[in-house]
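K.L.:
According to our numbering, the sequence shown holds residues 667 to 917 in order.
For glycine and all other residues, C-beta sits at the position ideal for the given N, C-alpha and C.
Below you'll find the structure I mean.
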Amino acid sequence: MSVSRQKKKLNDSNPRRNPSGIDKTTLFLSIAAVLLLVLVVLFLNRNFVESLFPGNTPAVGNTGTPEIERIANDGAQGNSEEPLVNLGVPEQTAEASPMKPPEETPEDASKGNATARLFFIRVSDEGKISIKSVLRPVPSSGSPLTTSIRALLEGPRPNELSNDVLSLIPEGSQLIGARIEGGVAFLDFNEQFRFNALGIEGYKSQVEQIVYTATEFPTVRKVQFLVEGQRIEYLGGEGFWVGGPLGREDF
């Protein structure tokens with residue numbers, strides 16, 4: 667009995683170790699180690715953090731590269747088209763960048779011109795008066811006779827004066843209207859056409875210039891002169907007869 671009592675007393679004097687306390691401490695340390703490992707992994711994997719907290723991630727500074735915006739494709743399944751990619755470049759609309767009209771080529775420009783043969787007067791050193799023609803580019807129109815006569819009334823151009831030509835048509839003369847009937851061109855002039863300071867030779871020359879220029883057209887054989895819409899018998903006080911149609915054979 668004394669021996670058993672001594673063992674019991676010895677056992678009662680030594681504190682017993684709590685195995686359950688050791689297990690809880692180990693478990694706590696293990697959990698802490700796992701959490702620390704997870705935090706390290708999450709910190710290293712920044713994309714994963716941004717996917718979990720899209721609104722709280724700090725903005726990345728501008729690196730100078732254009733922002734790329736990907737637009738989701740809402741089309742039906744099976745659509746193989748790639749999603750649209752916006753590179754930050756503003757779209758150019760038709761209004762912002764109008765199409766330039768095609769440039770006119772020399773060939774196109776030449777289509778707007780015709781060539782008219784105009785008749786002027788040349789005076790020789792001996793004072794002899796003769797008729798002389800020049801070719802001049804004129805605008806194409808639906809009334810080529812009117813265009814040619816009005817070009818004649820402008821007088822010779824500087825480059826045409828080198829041919830020693832001049833016009834004896836009174837300055838200020840204007841063509842009011844023109845029509846062709848039965849091979850006769852009815853040309854209506856203003857009042858200034860009636861007065862020529864050079865006398866009978868001046869009247870003859872101005873009428874000759876008009877008749878030769880008008881009869882260059884195959885549909886015109888003769889010219890009937892009108893002044894302010896009225897047929898007159900003579901031009902000027904000295905009297906050059908224009909009461910009927912005149913052709914080249916009359917000069």
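Nearest to F790 by alpha carbon, out of G865, N829 and L912?
P.N.:
According to the sequence displayed, residue 790 carries Ser and not Phe. Of the candidates G865, N829 and L912, the one whose C-alpha sits nearest the C-alpha of S790 is N829.
K.L.:
Short of 6 Å in beta carbon distance, which residues of its chain neighbour L818, apart from the five on each side in sequence? Order them along the chain.
P.N.:
The residues are L784 and T879.
K.L.:
Taking P911 as the reference, which of P884, V873 and I866 has the closest Cα?
P.N.:
Taking only the C-alpha atoms, the option nearest P911 is V873.
K.L.:
What residues are listed by DSSP as bridge partners for I795?
P.N.:
In the DSSP output, where bridge partners are listed per residue, I795 has V789.
K.L.:
Using a 10 Å radius around the Cβ and a threshold of 16 neighbouring Cβ atoms, would you call V831 buried or exposed?
P.N.:
It counts as buried.
K.L.:
Report the start-end ranges of each alpha helix (DSSP H) in the region 794-828 that is 4 residues or longer and not cut off at the edges.
P.N.:
Entirely contained in the region 794-828, the alpha helix (DSSP H) runs reaching 4 residues are, in chain order, 810-819.
K.L.:
In terms of residues, what are the limits of the beta strand (DSSP E) holding I846?
P.N.:
Counting along the chain, the beta strand (DSSP E) containing I846 begins and ends at L841 to E847.
K.L.:
Would you call the region 862-870 and the region 885-899 in contact, with 3 or more CB pairs under 8 Å?
P.N.:
Counting Cβ pairs under 8 Å, fewer than three are found: no touch.
K.L.:
Any idea if P805 is buried or exposed, counting beta-carbon neighbours within 10 angstroms, 16 or more meaning buried?
P.N.:
So P805 ends up on the exposed side.
K.L.:
Tell me the DSSP secondary structure of A863 in three-state form.
P.N.:
It is coil, neither helix nor strand.
K.L.:
Locate the beta strand (DSSP E) running through V893, then write down its first and last residues.
P.N.:
K888 to V893 is the extent of the beta strand (DSSP E) around V893.
K.L.:
In chain order, what residues of the same chain have a beta carbon less than 7 Å from the beta carbon of E761, not counting five sequence neighbours either side?
P.N.:
Unreliable placement is indicated for E761, whose pLDDT of 45 sits below 50; no coordinate value is reported for it.
K.L.:
Please report the residue range of the beta strand (DSSP E) in which D854 lies.
P.N.:
First-last of the beta strand (DSSP E) with D854: V850 to F855.
K.L.:
Just the Cα atoms here: how many angstroms apart are E899 and P810?
P.N.:
Their Cα atoms are separated by approximately 27 Å.
K.L.:
Please state the DSSP three-state secondary structure of T881.
P.N.:
T881 falls in the coil class under three-state DSSP.
K.L.:
Is it true that the CB of Q858 sits closer than 9 Å to the CB of G838?
P.N.:
A contact, by the Cβ cut-off of 9 Å.
K.L.:
Beta-carbon within less than 8 Å of V893's beta-carbon, same chain only, minus the 5 sequence neighbours each way: which residues are those?
P.N.:
Closer than 8 Å at Cβ, skipping near neighbours: D854, F855, N856, E857, F859 and R860.
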